[in-house]
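Visitor: One structure follows; several queries about it will come next.
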Amino acid sequence: MRLHPGHHQSLTERVRLHVSLAPCQPSSSRGISAGQFLYGLFMNDAAPTLPRTLGESITKELRRMLVEGELVPGQRLSEAALADSLQISRNTLREAFRVLTREGLLTHEPNRGVTVAEPDMASIIDIYRVRRFIECTAIAQAYPQHPGVRHMREAVEAGVKAREASDWVAVGTANMMFHKAIVELADSPRLTAFYGQISAELRLAFGLLNNPELLHSPYLDMNAAVLGCLDAGKTDEATRMLEDYLVQSERTILAAFQRNRTGSQA
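Numbering of the sequence shown is given in the UniProt record's numbering, commencing with residue 1 and proceeding in unit increments.
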């Protein structure tokens, strides 16, 4: 199982370093549902902090694997193999499984174990509703010199290079990073943290399409167009473009969901 670049130290060793450096203040997101966390984004004065325990950091690592498409919808997760790959105990892995199951990213069935969740139509519609609210608001208030714009540009460049290499999984990851950078424009650590969960759910929705090229290729040019509007200071145009973009993306995913459901019933 491929781990994130930079895993020259074991994940456990790196996590323990983060734990020792993390502030000793309450985490508003630990052990709560997505809805409760979203409420906390606006009502809690304590911004999200670095993970303070090994279990929290393993949860973050598994979420990254979901976002980058390393874990796909319906995949059965072997507790023994995954614990060995991450160099952690099964108890620590189970703690992470419980959190991600509460978030709807994994499912657990007695005597069958843990699998990666498969999104339903209602969750897809809700994901895109949240995306439009967060991303369009962020980009409407953006300015060209914001660091998030630079990160958007880096994501566009990474996507183009991945397309040239026909690495469509990497194209998808670059696209996710582009939208993460859009959220950075809001200057809200709380929104950025919440969007991390949305990104994982979104990648699961992307997994409904068997043709990643068909899914991701059209949006590379759209990403560049949105970025061009921001560079030119045309935030209103960028916002309208992004709104249309997200509507088109939602329709593509919902069509794939419908095809999959029809095929499974045939």
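Cβ atoms here follow ideal geometry from the backbone N, Cα and C, with glycine treated the same way.
Just so it is clear, the structure is predicted and the values come from calculations on it, not from any experiment.
Identify every run of the alpha helix (DSSP H) within the segment 174-248, keeping only runs that are complete inside it and at least 4 residues long; order them along the chain.
Guide: DSSP runs (the alpha helix (DSSP H)) wholly in the segment 174-248: 189-206, 212-231.
Visitor: Does proline 119 pass the burial test, meaning 16 or more other C-beta atoms within 10 Å, or should it be called exposed?
Guide: Buried, since its Cβ has 16 or more Cβ neighbours within 10 Å.
Visitor: Could you tell me the alpha carbon to alpha carbon distance between aspartate 187 and histidine 146, rounded to whole angstroms?
Guide: Roughly 9 Å between the two C-alpha positions.
Visitor: Which residue from Cys229, Ser217, Met241, Ala238 puts its Cα closest to that of threonine 252?
Guide: Cα-wise, what sits closest to threonine 252 is Ser217.
Visitor: Is the segment 238-258 in contact with the segment 130-143, if contact means three or more CB pairs nearer than 8 Å?
Guide: Contact holds: three or more Cβ-Cβ distances are below 8 Å.
Visitor: If we ignore side chains and look at the alpha-carbon of each, how far apart do arginine 203 and histidine 179 end up?
Guide: Their Cα atoms are separated by approximately 12 Å.
Visitor: What do you get for methionine 121, buried or exposed, if any count of 16 or more other CB atoms within 10 angstroms of its CB means buried?
Guide: By the 10 Å Cβ count, methionine 121 comes out exposed.
Visitor: Can you tell me whether DSSP reads leucine 77 as helix, strand or coil?
Guide: Here leucine 77 sits in strand by DSSP.
Visitor: Please list the terminal residues of the continuous beta strand (DSSP E) segment that includes glutamate 109.
Guide: Start and end: 106-109.
Visitor: In this structure, how does DSSP classify glycine 69 when only helix, strand and coil are distinguished?
Guide: Reduced to three states, the DSSP call for glycine 69 is coil.
Visitor: How about glycine 207 and proline 73: are their beta carbons less than 7 Å apart?
Guide: Going by C-beta atoms, glycine 207 is nearer than 7 Å to proline 73.
Visitor: May I ask you to report which of helix, strand or coil DSSP gives threonine 115?
Guide: Threonine 115 falls in the strand class under three-state DSSP.
Visitor: Between which two residues does the alpha helix (DSSP H) harbouring isoleucine 88 extend?
Guide: No alpha helix (DSSP H) holds isoleucine 88; DSSP gives it neither H nor E.
Visitor: Rounded to whole angstroms, what is the Cα-Cα separation between alanine 162 and valine 169?
Guide: Each residue's Cα considered, the two are about 8 Å apart.
Visitor: So, does the segment 226-233 touch the segment 149-159, judging by three or more C-beta pairs under 8 Å?
Guide: Contact holds: three or more Cβ-Cβ distances are below 8 Å.
Visitor: Please name the residue, chosen from Ala205, Asp236, Arg261, Glu237, that lies closest to valine 116 on a Cα-to-Cα basis.
Guide: Closest by alpha carbon: Ala205.
Visitor: Would you give the residue range spanned by the alpha helix (DSSP H) that threonine 137 belongs to?
Guide: Unbroken alpha helix (DSSP H) run through threonine 137: 121-140.
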